[in-house]
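Residue -12 is where the sequence shown starts when you use my numbering, and the numbers rise one by one after that.
Ideal placement from N, C-alpha and C gives every residue a C-beta, glycine not left out.
Presented below is the structure to which this report refers.
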Amino acid sequence: MNLYERELRLRSSDVDMHRRLRTSVLFSLVQEAAVAHTEALGMGREKTLDRGVLWVVTLQAAEIARMPEYDEKVVLRSWPGKTMHVLFPRYCALDTASGEPLLRTSALWTLLDAKTRRMVFPERYGIEIDGTETGEEIDLPAAPRAMPCPEERRFTVPYSYVDLNGHMNNARYFDLAEDCLPPAAEGRPLCALRTEFSREVRFGEEIDLRWGRDGDRYYFTGSAGDRSMFRMSLTYGG
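Dropping the structure here:
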């Protein structure tokens, strides 16, 4: 089976003040697993980064039964879905060492030209990834549903948020959201999320953040002028 697997034990730097895995660290691990597996499949930097092509995430989703805690040993698995023209589905599962399901994620990746920042056709670069099915896949992510956003603030992207692609890393959006939304600091567990990255946010760029709430679901969005940059939906438990 076309599957990547990694065991790890959560360190103090992986968790928040409630001793649960940080959402941003979760998606850093998911991203690292996707990259490592893609490289193992022969589609690594020699075919992409070294030729001016970047892997980027466009949509993400997660369904969370429980976030693992400090010093807990977990098993991370990642596998590709069937390629959809220029979109590459990617799934991930996180379980305890004894096999208890903790969470599942799905994402859609695509390829950008590093200079033009436009989408490229994978066949032009010989990029091909065979999909697999495990039966553990959650639905592919859809764009979050909007809601009124009475809260707002302005944010400037700092140097530390920018990755080797030259834009704000997908995982840092969750730090940004949880710095603004009360449930994370209150210790309420994250149950589900959807994220859409519609445009890149670059170093030093100013964006207007807005957010609102409908029951346990929070909507968090960023824009630059009339351009939507990203949208997030995060649902918390009690």
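Query: If the criterion is Cβ atoms closer than 9 Å, does the pair Pro109 and Leu98 meet it?; Result: yes
Query: Based on Cα-Cα distance, which residue from Tyr78, Glu193, Arg104 and Gly174 lies nearest to Gly225?; Result: Gly174
Query: Hey, how far is the Cα of Tyr(-9) from the Cα of Leu95?; Result: 17 Å
Query: Examine the Cβ distances between the segment 184 to 192 and the segment 200 to 208 and report whether three or more of them are shorter than 8 Å.; Result: no
Query: To the nearest angstrom, report how far apart Gly68 and Gly29 are at their CA atoms.; Result: 16 Å
Query: Can you have a look at Gly153 and say buried or exposed, based on whether 16 or more other CB atoms are within 10 angstroms of its CB?; Result: exposed
Query: Once DSSP output is grouped into helix, strand and coil, what is the label at Asp162?; Result: helix
Query: Assign Thr83 to one of three DSSP states: helix, strand, or coil.; Result: strand
Query: Going by Cα to Cα distance, which pick from Val107, Ser85, Leu90 and Arg32 is closest to Leu16?; Result: Leu90
Query: With Leu46 and Pro135 assumed to form a contact (beta carbons below 8 Å), what rounded beta-carbon distance in angstroms separates them?; Result: No, Leu46 and Pro135 are not in contact; Cβ-Cβ is about 23 Å, not under 8 Å.
Query: What does DSSP give as the partner residue(s) for Phe34 in the beta ladder?; Result: Position check: residue 34 holds Lys in this sequence, whereas Phe was assumed. DSSP output for Lys34 lists no bridge partner at all.
Query: Cutting at 6 Å between CB atoms, please list the residues of its own chain near Ala171, excluding the five before and the five after it.; Result: Glu165
Query: Using the rule of at least 16 other Cβ atoms within 10 Å of the residue's Cβ for burial, across every protein chain shown, is Pro169 buried or exposed?; Result: exposed
Query: Judging by CA-CA distance, which residue of Leu(-3), Gly122, Ala21 and Glu56 is the nearest neighbour of Pro176?; Result: Glu56
Query: Over the uninterrupted beta strand (DSSP E) stretch that includes Thr25, give me the two end residues.; Result: Segment Thr10 to Ala27 is the alpha helix (DSSP H) holding Thr25; no beta strand (DSSP E) there.
Query: Using the rule of at least 16 other Cβ atoms within 10 Å of the residue's Cβ for burial, across every protein chain shown, is Gly209 buried or exposed?; Result: buried
Query: Just grab the DSSP bridge partners of Gly209 for me.; Result: Leu196 and Phe217
Query: Could you tell me the alpha carbon to alpha carbon distance between Met216 and Val40, rounded to whole angstroms?; Result: 21 Å
Query: Going by Cα to Cα distance, which pick from Leu74, Met71, Thr70 and Ser65 is closest to Asp82?; Result: Ser65
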